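Take a look at the structure below.
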Amino acid sequence: MPNYASSTEPPRKAPRSFSVGAVDEPTEYIAPNSATNDDQADILARAQAGDHQAFAQLYSIHKRRVYSLCLRMVGSVAEAEDLTQEAFLQFHRKIATFRGESALSTWLHRLAINVVLMHLRRKGLQVSSLDELMEPAPDQRPGRSFGAPDLVLSGTIDRLTLQRAINDLPAGYRLIFVLHDIEGFEHNEIAALLDCSIGNSKSQLHKARLKLRESMRGYLQREGNK
Amino acid sequence: MSESADNLSCAEFQAQLPDLIGRGEAIVDHAHYQSCKLCRALLADLAAIAQAAHQLFPVEEPPDALWEQIESAIVREEANHNLP
Chain X
8 MPNYASSTEP PRKAPRSFSV GAVDEPTEYI APNSATNDDQ ADILARAQAG
58 DHQAFAQLYS IHKRRVYSLC LRMVGSVAEA EDLTQEAFLQ FHRKIATFRG
108 ESALSTWLHR LAINVVLMHL RRKGLQVSSL DELMEPAPDQ RPGRSFGAPD
158 LVLSGTIDRL TLQRAINDLP AGYRLIFVLH DIEGFEHNEI AALLDCSIGN
208 SKSQLHKARL KLRESMRGYL QREGNK
Chain F
459 MSESADNLSC AEFQAQLPDL IGRGEAIVDH AHYQSCKLCR ALLADLAAIA
509 QAAHQLFPVE EPPDALWEQI ESAIVREEAN HNLP
């Protein structure tokens, strides 16, 4: 594969709303590479015409974010590789139909999300639509009375515990959390990806974080009781 | 559970939080948040989770061999597509 040094992604954006109630205004999408818009349009046009080198460039530009998204959603390197491969194969099959109604990256990420969701469905997840994903069953939502002060998580969060809690999240919460807090997508980008409102993205992210906190407190309490 | 200056219990305030956040309201300006240590601790935990997630899970690089697999699959698909 050629070395497309100019096609590397910039550092991932840090989510802006670590603090509560932060205003997350829509922003212009930041193209995930340093190529100019004209360069990108040219690469896309060539890939749509069947140019393998151009498609390899698109892969090089987008591979990290697609792979990371798959990896965080399924938690397994082998499965993430399979899903990334499937996402890019579908991308290749469909690229000639891309008409530019959205950013190419949005289109690709939506495609990758659908590949991941299809995979989760095959593994037994009972969801038929994104709407169902976005509003988990009542028993999967975070509980109330979560303000007890006996266990403040700050400073006690490690990667393994957090990964375990992410894996235990209902898929819709996991998707929102991975997209926003790990991958650094803005709420307006998530709304475009998942066909939901920005407000819905924000409120679901809050519930996802609550559910994570609930899980991690549970793990820590159980370990403390051993 | 405590009641604060705005007469909301913690449960009531926390039940409202998803909607308040969804509407983009500044929670730090809310009377209950300002007067309730428990709810401030809760929201500090959530912010800590978000920050940790970003720090603990960097963007990952797929293995180089993955492109070779994808490229091979593309070539196979195109060959099948071009069969008479």
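Heads up: the sequence lines are chains X and F, in that order.
Read the first sequence against my numbering and you will find it ends at 233, with the numbers running on by one and no gaps.
Read the second sequence against my numbering and you will find it ends at 542, with the numbers running on by one and no gaps.
The beta-carbon is built from N, C-alpha and C at its ideal position, and this holds for glycine as well.
Computed from a predicted structure; not experimentally measured.
6 Å CB neighbourhood of residue i in its chain, flanking five on each side removed
i, result
"X/Phe184", "Ala215"
"X/Ser208", "His194, Ile197 and Ala198"
"F/Ala502", "none"
"X/Phe192", "Leu186"
Where residue i falls, given that 16 or more other Cβ within 10 Å makes a residue buried
i, result
"F/Gly480", "buried"
"X/Ala178", "buried"
"F/Asp477", "exposed"
"F/Pro520", "buried"
"X/Lys70", "buried"
"X/Ala48", "exposed"
"X/Lys218", "buried"
"F/Asn539", "The sequence shown places His at residue 539 of chain F, not Asn. Label assigned to F/His539: exposed."
"X/Asp165", "exposed"
"X/Glu190", "buried"
"F/Gln513", "exposed"
"X/Arg128", "exposed"
"X/Arg181", "buried"
"X/Gln211", "buried"
"X/Ser67", "buried"
"X/Asp188", "buried"
"F/Asp522", "exposed"
"X/Val123", "buried"
"X/Gln228", "exposed"
"X/Gln60", "exposed"
Interface flag, residue i vs chain X, CB-CB below 8 Å
i, result
"F/His512", "yes"
"F/Gln492", "no"
"F/Leu466", "no"
"F/Arg481", "yes"
"F/Ala489", "no"
"F/Gln527", "yes"
"F/Ala508", "yes"
Own chain residues within Cβ distance below 7 Å of residue i, not counting five before or after
i, result
"X/Ala167", "Note on residue identity: the sequence assigns Leu, not Ala, to residue 167 of chain X. Hits under 7 Å: none found."
"X/Asn174", "Gly82"
"X/Ala119", "Val73, Leu76, Cys77 and Ala94"
"X/Ile102", "Ala54 and Gln55"
"X/Phe98", "Leu115 and Leu118"
"X/Ser222", "Ala172 and Asp175"
"F/Leu515", "Note that residue 515 of chain F is Phe in the sequence shown, not Leu. Excluding sequence neighbours, F/Phe515 sits near nothing in its chain."
"X/Ala87", "Tyr74, Cys77, Leu78 and Val81"
"F/Ala499", "none"
is_contact[residue i, chain F] using C-beta, thresh 8 Å
i, result
"X/Arg117", "no"
"X/Asp175", "no"
"X/Leu78", "yes"
"X/Leu127", "no"
"X/Leu200", "no"
"X/Leu217", "yes"
"X/Met8", "Confidence is the limiting factor: at X/Met8 the pLDDT is only 40, short of 50, which leaves the residue's position unreliable, though a coordinate-based value still follows. By this cut-off, X/Met8 is an interface position."
beta-carbon residue i near the ligand FAD non-hydrogen atom, thresh 7 Å
i, result
"X/Glu221", "Ligands in the displayed structure: none, and consequently the ligand FAD is not present."
Cutoff 8 Å; reference residue i; Cβ partners in own chain excluding five residues on either side
i, result
"X/Phe105", "Leu51, Gln55, Leu111 and Trp114"
"X/Leu169", "Leu219 and Met223"
"X/Val84", "Leu78"
"F/Glu483", "none"
query = Taking any Cβ of chain F, which residues in the segment 202-215 of chain X have a Cβ under 7 Å from it, in chain order?
reply = When CB distances to chain F are screened at a threshold of 7 Å, the residues of the segment 202-215 of chain X falling below it are Gly206, Asn207, Lys209, Ser210, His213 and Lys214, in chain order.
message = Output needed in chain order: residues of the segment 84-113 of chain X with a Cβ under 7 Å from some Cβ in chain F.
response = Against chain F - using a Cβ distance shorter than 7 Å - the residues of the segment 84-113 of chain X are Glu88, Thr91, Gln92, Phe95, Leu96 and His99.
query = Going along the segment 60-75 of chain X in order, which residues come within less than 9 Å of chain F, judged by CB to CB distance?
reply = Listed by position, the residues of the segment 60-75 of chain X near chain F (Cβ gap below 9 Å) are Phe62, Ala63, Tyr66, Ser67, Lys70, Arg71, Arg72, Val73, Tyr74 and Ser75.
The segment 47-61 of chain X: positions lying closer than 9 Å to chain F by Cβ = Considering only beta carbons, the part of the segment 47-61 of chain X lying closer than 9 Å to chain F consists of Gly57 and His59, in chain order.
task = Could you please tell me which residues of the segment 165-189 of chain X, in chain order, have their CB closer than 9 Å to any CB of chain F?
result = Per Cβ criterion, the list reads Asp165, Arg166, Leu169, Gln170, Ala172, Ile173, Phe184, Val185, His187, Asp188 and Ile189.
message = For the segment 219-232 of chain X, list every residue whose C-beta sits within 9 Å of some C-beta in chain F, in sequence order.
response = Listed by position, the residues of the segment 219-232 of chain X near chain F (Cβ gap below 9 Å) are Leu219, Arg220, Met223 and Arg224.
query = Between the segment 529-540 of chain F and chain X, which residues of the former have a C-beta closer than 8 Å to a C-beta of the latter?
reply = When C-beta distances to chain X are compared with 8 Å, the residues of the segment 529-540 of chain F below that value are Glu529, Ala531, Ile532 and Glu535, in chain order.
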